[in-house]
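Participant: For the record, the sequence lines run as chains G and W. With the numbering used here applied, the first sequence corresponds to residues 1 to 114, in that order. With the numbering used here applied, the second sequence corresponds to residues 115 to 229, in that order. If you scroll down you'll find the structure; I have some questions about it.
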Amino acid sequence: EDKVVQSPLSLVVHEGDTVTLNCSYEVTNFRSLLWYKQEKKAPTFLFMLTSSGIEKKSGRLSSILDKKELFSILNITATQTGDSAIYLCAANANYGGATNKLIFGTGTLLAVQP
Amino acid sequence: NAGVTQTPKFRVLKTGQSMTLLCAQDMNHEYMYWYRQDPGMGLRLIHYSVGEGTTAKGEVPDGYNVSRLKKQNFLLGLESAAPSQTSVYFCASRGTGTGNYNEQFFGPGTRLTVL
Numbered sequence: 001e002d003k004v005v006q007s008p009l010s011l012v013v014h015e016g017d018t019v020t021l022n023c024s025y026e027v028t029n030f031r032s033l034l035w036y037k038q039e040k041k042a043p044t045f046l047f048m049l050t051s052s053g054i055e056k057k058s059g060r061l062s063s064i065l066d067k068k069e070l071f072s073i074l075n076i077t078a079t080q081t082g083d084s085a086i087y088l089c090a091a092n093a094n095y096g097g098a099t100n101k102l103i104f105g106t107g108t109l110l111a112v113q114p
Numbered sequence: 115n116a117g118v119t120q121t122p123k124f125r126v127l128k129t130g131q132s133m134t135l136l137c138a139q140d141m142n143h144e145y146m147y148w149y150r151q152d153p154g155m156g157l158r159l160i161h162y163s164v165g166e167g168t169t170a171k172g173e174v175p176d177g178y179n180v181s182r183l184k185k186q187n188f189l190l191g192l193e194s195a196a197p198s199q200t201s202v203y204f205c206a207s208r209g210t211g212t213g214n215y216n217e218q219f220f221g222p223g224t225r226l227t228v229l
């Protein structure tokens, strides 16, 4: 059974701290790994990773994928209160033809305190 | 360009009642998805569609039906609501092509409570 596991489940840090969120996956026909940020409402896209060892970076956020060890990390440096959210990891799997599905982890709840 | 919209935003039902959730997207996306999100469970796929007129079951399809009569709309129906269907429902869509083509765009969600 395909599964995605995120850790930690929740995390409380202070502004300025650096955090690392983990995502491991066991997915057949793996194609890519995606990170989303979910605040009050809809998840919003952060990164899509398809190749091992290539870091993707956007401001204070960065992410990398290890396809050999089947995991990804999301780093946030110099955290701000606006980074408080649930961070979702999802593995994209191909089920034949054009059928791609995202298998989501349960998310990591990050709370950044002033 | 509104992206993905969902109606209604909130709804309270009694056990046994029926309702339909509407998802609409204006990005000409081929693929559309319905998820439910429960505490500690993450997002779970209910049904999905790879194009107009086609639907398929996801991870947790029981108790739900869907229809994709028009490319821009994806309807999720509950024929006889149960308390176990209390959840937040998200619709998503994605296009095809190059770039971040696996990115799914999410609607704002519908919070459903079944008493």
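Yeah, the Cβ is synthetic: ideal placement off N, Cα and C, and Gly gets one too.
1) Please report the straight-line C-alpha distance between tyrosine 149(W) and valine 19(G), rounded to a whole angstrom.
2) Less than 7 Å between C-beta atoms, sequence neighbours within five positions excluded: which residues of the same chain meet that for glycine 16(G)?
3) Using three-state DSSP, classify aspartate 83(G) as helix, strand or coil.
4) Whose CA, out of Lys41(G), Cys89(G), Pro43(G), lies closest to the CA of leucine 74(G)?
5) Anything in the region 150-164 of chain W with a Cβ closer than 8 Å to a Cβ of chain G? List those residues in chain order, please.
6) Excluding the 5 residues preceding and the 5 following arginine 158(W) in the sequence, name in chain order all residues of the same chain whose CB lies nearer than 8 Å to its CB.
7) May I ask you to list the residues that DSSP assigns as paired with leucine 192(W)?
8) Name the DSSP bridge partner or partners of leucine 109(G)?
9) Evaluate contact between the region 102-114 of chain G and the region 128-145 of chain W, counting only Cβ atoms and requiring at least three cross-stretch pairs below 8 Å.
10) Straight-line CA distance for threonine 44(G) to lysine 128(W)?
11) Select from Ser201(W), Lys185(W), His143(W) the residue whose C-alpha is nearest the C-alpha of arginine 125(W).
12) With a cut-off of 8 Å, does the C-beta of leucine 65(G) fall near any C-beta of chain W?
13) Just by C-beta distance, which residues in the region 190-223 of chain W are closer than 7 Å to chain G?
14) Going by the DSSP bridge assignment, what does glycine 165(W) pair with across the sheet?
15) Between phenylalanine 47(G) and lysine 56(G), how many whole angstroms is the CB-CB distance? I'm expecting something under 8 Å.
Facilitator: On the basis of the supplied data:
1) Distance between the alpha carbons of tyrosine 149(W) and valine 19(G): 28 Å.
2) Ala78, Thr79.
3) Looking at aspartate 83(G) - three-state DSSP - the assignment turns out to be helix.
4) Of the listed residues, the one whose Cα sits closest to leucine 74(G) is Cys89(G).
5) Hits within the stretch, in order: Gly154, Met155, Gly156, Leu157, Arg158, Leu159, Tyr162, Val164.
6) If we look at arginine 158(W) and ignore the five residues flanking it on each side, its Cβ neighbours are Tyr149, Arg150, Gln151, Asp152, Gly172, Glu173, Val174.
7) Paired residue(s): Met133(W).
8) Ser10(G), Ile86(G).
9) Using a C-beta cut-off of 8 Å, the region 102-114 of chain G makes no contact with the region 128-145 of chain W, since fewer than three inter-stretch Cβ pairs fall below that distance.
10) For the pair threonine 44(G) and lysine 128(W), the Cα-to-Cα distance works out to about 32 Å.
11) For the residues Ser201(W), Lys185(W), His143(W), the minimum Cα distance to arginine 125(W) belongs to Ser201(W).
12) No, leucine 65(G) does not count as interfacial toward chain W.
13) Cβ contacts with chain G: Phe204, Asn214, Asn216, Glu217, Gln218, Phe220, Gly221, Pro222, Gly223.
14) For glycine 165(W), which the question treats as bridged, DSSP gives the partners Thr168(W).
15) Contact holds; Cβ gap of about 5 Å.
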